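For the sequence shown, the working numbering assigns the number 6 to the initial residue and increments by one for each residue that follows.
What follows is a short report on a single structure.
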Amino acid sequence: MAATKKPRAKSAAKKAPAKKAAAKKAKAEPKKPEKKGRPGGIWKGSVSFGLLNIPIVLQSADEEKDLHFTQLDPSNMAPIKMKRTNSKTGKEVTYSSIVKGYNTGSGKYVIVTDKDFKAANPKATQTMDLEDFVPLADLDTMLFQKPYYVVPQKNGEKGYFLLRDALEASKKIAIGKIVLRTKQHLAALMPKGKYLVLELLRFSSEVLEEHEVSYLDGIKEPGYLPRELKMAEQLVEEMTSKWNPDQYKDTYHDELLKRIRAKEKNGDIEDAPEPEVEEEGNGKVVDLLPLLQKSLSAGKKKTG
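Written out as structure tokens, the structure is:
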């Protein structure tokens with residue numbers, strides 16, 4: 006006796022296209038951007054401003070654009086694994102079991118825990134005290150290190166916007182110290198549009214001053230003609246424009262990625278010829294006047 010068809014199979018077949026359409030629609034819909042606000046953050050604490058205590062959270066203000074590469078064994082193109090091993094036994098150690106140790110100098114180590122980092126100065130790990138207010142122009146740009154957006158935590162909104170507007174009105178920035186992870190940093194707090202921004206600064210002791218370096222010792226200044234200086238100043242003037250950071254792109258990143266895509270598609274590709282580089286110290290004195298004149302002429306053609 007022939008088996009009868011199950012009535013549900015037909016209805017299931019009818020629903021299949023609907024499921025496919027729903028899946029296609031879901032795939033086509035763009036993902037909603039992740040909300041970045043008060044939750045999470047790189048550091049939570051408070052800014053102390055006089056008697057005001059403003060709870061804040063730091064959020065990232067930069068975005069890494071580097072291409073990431075994997076180390077491979079060329080014999081079979083397998084990724085290389087780095088193992089953490091005990092230097093005495095040679096046995097592998099799991100990351101979760103590793104502790105931090107401070108070398109006392111006698112070959113002995115003192116184990117330092119997260120509790121120790123906080124207990125060393127509990128206030129410093131949770132509070133940024135604003136110590137001074139200075140004009141931004143007074144800061145040496147060699148001190149600048151890394152920016153963060155500052156966001157108020159709950160109940161900190163009023164103090165946050167008050168401080169932002171006070172800094173904006175006075176054309177000043179606030180200077181203080183903040184502990185991130187295991188290190189204390191000098192930091193500058195400044196207004197930027199509707200935000201407060203925190204810029205990590207290097208301590209002056211971390212920057213080599215001119216009198217501490219000798220890179221130019223033994224290099225003689227050859228001198229130049231007054232006319233050469235005049236033309237150089239003229240070239241600078243012609244190339245001067247309003248600062249627009251958006252016009253500068255990481256072109257090397259794009260060219261390298263383009264080359265990688267070409268190798269992915271076609272295999273090895275022909276190398277571009279390397280530019281000729283004049284050997285250092287050939288003893289020739291370069292005549293700058295013709296180069297300056299050509300530069301000025303090229304600039305005039307561009308603008309004209």
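Ideal Cβ positions, reconstructed from N, Cα and C, are used throughout, including at glycine.
Quick caveat, the model's predicted, so the values are computed rather than measured.
Nearest candidate by alpha-carbon position, reference residue i, set the options
i, options, result
"Leu-57", "Leu-261, Thr-132, Gly-272 and Ala-124", "Thr-132"
"Glu-97", "Asp-273, Gly-106, Lys-105 and Lys-86", "Lys-86"
"Leu-144", "Phe-208, Thr-245, Phe-122 and Leu-297", "Phe-208"
"Pro-231", "Glu-243, Ser-219, Val-62 and Leu-297", "Leu-297"
"Thr-245", "Leu-167, Pro-60, Leu-301 and Asn-81", "Leu-301"
"Ala-3", "Pro-79, Asp-134 and Arg-89", "Limits of the chain in this structure are 6 at one end and 309 at the other, which puts residue 3 out of reach."
"Pro-227", "Asp-292, Ile-103 and Arg-266", "Asp-292"
"Glu-162", "Asp-119, Pro-84, His-216 and Val-62", "Val-62"
"Pro-60", "Lys-247, Pro-295, His-216 and Leu-168", "Leu-168"
"Leu-191", "Lys-199, Leu-206 and Gln-252", "Leu-206"
"Val-310", "Ala-125, Val-104 and Ala-124", "The requested residue 310 does not occur in the structure, where the chain is confined to residues 6 to 309."
"Thr-90", "Lys-120, Ser-102, Asn-81 and Ala-83", "Ser-102"
Where residue i sits in the DSSP three-state scheme
i, result
"Ser-53", "strand"
"Leu-261", "helix"
"Gly-164", "helix"
"Leu-72", "coil"
"Asn-81", "coil"
"Asp-137", "strand"
"Leu-301", "helix"
"Glu-226", "coil"
"Gln-64", "strand"
"Phe-149", "strand"
"Met-87", "coil"
"Pro-295", "helix"
"Glu-215", "helix"
"Leu-240", "helix"
CB of residue i within 8 Å of CB of residue j, strictly
i, j, result
"Tyr-165", "Leu-201", "yes"
"Phe-149", "Glu-238", "no"
"Lys-64", "Ala-129", "Sequence inspection shows Gln at residue 64; the Lys mentioned does not correspond to that position. Cβ atoms of Gln-64 and Ala-129: not closer than 8 Å."
"Gly-110", "Val-117", "no"
"Met-147", "Val-212", "yes"
Cβ shell of residue i (< 6 Å), same chain only, five flanking positions each side left out
i, result
"Phe-138", "Lys-177 and Ala-179"
"Ala-26", "Reliability of the predicted coordinates at Ala-26 is poor, the pLDDT of 46 falling under 50, and no value is obtained from them."
Cβ-based neighbour list, residue i, same chain, cut-off 8 Å, excluding 5 preceding and 5 following
i, result
"Asp-67", "Lys-151 and Pro-152"
"Leu-294", "Leu-230, Arg-232, Glu-233 and Met-236"
Residues near residue i in its chain [Cβ-Cβ closer than 7 Å; skip 5 each side]
i, result
"Pro-196", "Arg-169, Leu-172 and Glu-173"
"Lys-123", "Thr-130"
"Ala-83", "Leu-77"
Pairs of beta-carbons, one from the stretch 164-172 and one from the stretch 181-188, closer than 8 Å: are there three or more? Contact between the stretch 164-172 and the stretch 181-188 is absent, because fewer than three Cβ pairs lie under 8 Å.
Are the stretch 258-269 and the stretch 62-79 in contact at 8 Å, needing three or more beta carbon pairs? Yes, since at least three Cβ pairs between the stretch 258-269 and the stretch 62-79 fall closer than 8 Å, the two stretches touch.
Any contact between the stretch 92-107 and the stretch 141-157? By contact I mean 3 or more CB pairs, one from each, below 8 Å. Too few Cβ pairs lie closer than 8 Å, so no.
Does the contact criterion of 3 or more C-beta pairs under 8 Å hold for the stretch 49-63 versus the stretch 154-162? Judged by Cβ distances under 8 Å, the stretch 49-63 makes contact with the stretch 154-162, as three or more pairs qualify.
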